Structures are given as C-alpha cells and as structure tokens.
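Residue numbers (the numbering used here): 1 to 231.
Okay, so here's the structure we're looking at.
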Ligand code: CTP
Ligand code: MG
C-alpha cells in the first residue's frame, strides 16, 4: 500500500509574486495538480496527502476519476515539518512499514518511467530510494574572496530529486530526530542518512525540475508542450 505525501505549503519566496508557485497554472492546471497527475499515473499509488499552508485559500480539490483519495492537511514552517504533518495525516491503511512517496508540489515534470523505476527498486531496498541525477557541470570551491580554491571531483556527486520513497514509520522517526536536533534537512534522504542509513540512488531524468524561478516555469511550459506533441 503506497501513498504519496505532497508538500505544497511553501510560500515561493524565490519565485516572487502574489501566487505561491504550486498554484501557478500551466495548460489550465496548477503545478500541484500536474505533480499529482504524474504520481497517479502509476497504479501502485493508492492515494495522496496534499500538505497545505495554514492560510491556503486556493486548493480546490482534485481527483483523477479513479476513486483514489486525495486528502489534505496543514503543513509547518519548514518543508520537513510539512512532510511530518503529511505522514501524520496518512490513513491507517498505510501501515508502519508501508511505503510513502514524498514528492514536491513544485516538481510537475516527473516522468512515468522514472516513478516506475523508483517504486520497483526502492521497494526492494531495506532503506528506500530517491530519484537523483548525476552532476554534469564542473564544480568549483569558492574562497572567501570570490577566487577559486579548487575543483571538486564530480564523479560521485548527484543532485537529489523527488519523489523519495521510504517506509512510513522509519521516515517519521528520522524526520523527528532531525527536528529534535534542530537540523533543517532539505530532503527525506538527508534525515535517513543522519540515522546511519543508506538510501539507494535511482537515476532519473534531469528535466524533473523543481520550479523555483520564473525561468523554470517557462521551461516546464516548454516541456509540457513538447510532451503533448509527442503523445
Ligand atoms: N514546502 C512545504 N512547506 C514548507 C516549505 C516548502 O510544504 N514550509 C513545499 C513547497 O510548497 C514545495 C516543496 O516543499 O512544493 C519544495 O520547497 P521549495 O521549492 O523550497 O518551495 P518554497 O519553500 O515554496 O519556495 P522558496 O524556498 O523559494 O520560498
Ligand atoms: Mg523553500
């Protein structure tokens, strides 16, 4: 029984503007709906919790018509706190060792094949797995004066994407431990790593972007239009 938790309680400060980015519309639907649709494209996803800001007045509900539930709860002031709220809101049918996919509302371009690969490989891993993509650029370490102090080998460096797949109880404990230590984890894997656990990296497409700036939104518009043409 795999459910999704979709953190959508952010303010989109880096994007700017009045509308939080998860509610910006592309092809008539908000980004959060594009992200949910991508998750529900896999029959193994049995439902989703969308985590909303306390003052959210924009959520209109969504269903793909399959009868799989989409419920909501109220998030917190960090992404990790929002995910914890989402875990708490999962129905009892998601057992302690049941799998949970955490996927950013602001990541609307998840590919079917990547989600399928993550579910297949992550469910076999004792810890869980995340989608990630290898770093392509040469990496420089900056000195305080803005000069280059060196070049970092990039062979083993990956950029973490979402979804990230973990077991409900283990993930909840890891996120709570990080919160108790006042460590702000920026993804679920980081919380698990702090527990000495080693999630699996599953390679996904680099165009599974997190919409952060207006240029990212334009890129998603392009990607969606191209996908529609191909279908
Ligand atoms: N998120 C959340 N609760 C928070 C902060 C973020 O649910 N307190 C969600 C966002 O809505 C987004 C995802 O986590 O879907 C990834 O976060 P990010 O891209 O950082 O979004 P924002 O925090 O909204 O943007 P910014 O950091 O620019 O303010
Ligand atoms: Mg943020």
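Backbone N, C-alpha and C fix where the C-beta goes; we use that ideal spot for every residue, glycine too.
The structure displayed is predicted, hence computed values, not measured ones.
Rounded to whole angstroms, what is the Cα-Cα separation between residue i and residue j?
| i | j | result |
| --- | --- | --- |
| residue 233 | residue 25 | Only positions 1 to 231 of the chain appear in the structure, and residue 233 is not among them; the question remains open. |
| residue 86 | residue 97 | 16 Å |
| residue 139 | residue 149 | 11 Å |
| residue 192 | residue 159 | 16 Å |
| residue 132 | residue 48 | 22 Å |
| residue 38 | residue 109 | 7 Å |
| residue 194 | residue 117 | 25 Å |
| residue 46 | residue 27 | 26 Å |
| residue 90 | residue 22 | 21 Å |
| residue 101 | residue 92 | 16 Å |
| residue 215 | residue 230 | 23 Å |
| residue 57 | residue 19 | 11 Å |
| residue 217 | residue 12 | 12 Å |
| residue 177 | residue 228 | 43 Å |
| residue 99 | residue 156 | 27 Å |
Is residue i near the ligand CTP - that is, is its Cβ less than 6 Å away from at least one heavy atom of it?
| i | result |
| --- | --- |
| residue 14 | yes |
| residue 22 | yes |
| residue 85 | no |
| residue 7 | yes |
| residue 75 | yes |
| residue 78 | yes |
| residue 56 | no |
| residue 33 | no |
| residue 66 | no |
| residue 216 | no |
By Cβ distance below 7 Å, which residues in the same chain neighbour residue i in space, the five residues on each side in sequence not counted?
| i | result |
| --- | --- |
| residue 210 | 104, 106, 107 |
| residue 54 | 74 |
| residue 78 | 184 |
| residue 207 | 109, 223 |
To which residues of the same chain is residue i closer than 8 Å at the C-beta, ignoring the five residues directly before and after it?
| i | result |
| --- | --- |
| residue 52 | 8, 9, 59, 72, 73, 74, 75 |
| residue 141 | 148, 149, 150, 151, 152 |
| residue 175 | 80, 83, 84, 87, 185, 188, 191 |
| residue 42 | 112, 115, 116, 119 |
Is the closest heavy atom of the ligand MG to the C-beta of residue i under 6 Å?
| i | result |
| --- | --- |
| residue 10 | yes |
Keeping to the same chain, check which residues put their C-beta closer than 6 Å to that of residue i; ignore five residues upstream and five downstream.
| i | result |
| --- | --- |
| residue 154 | 135, 139 |
Quick check: the segment 210-224 against the segment 120-130, are at least 3 beta-carbon pairs closer than 8 Å? no
Complete beta strand (DSSP E) runs within the segment 46-125 (minimum length 3 residues, chain order): 70-74, 99-102
Quick check: the segment 66-76 against the segment 133-147, are at least 3 beta-carbon pairs closer than 8 Å? no
Beta strand (DSSP E) runs contained entirely in the segment 131-174, provided each spans 3 or more residues: 139-142, 148-152, 158-167
Length-filtered (4 minimum) alpha helix (DSSP H) runs lying within the segment 183-214: 188-194
3 or more residues per run - each beta strand (DSSP E) lying fully within the segment 7-32: none
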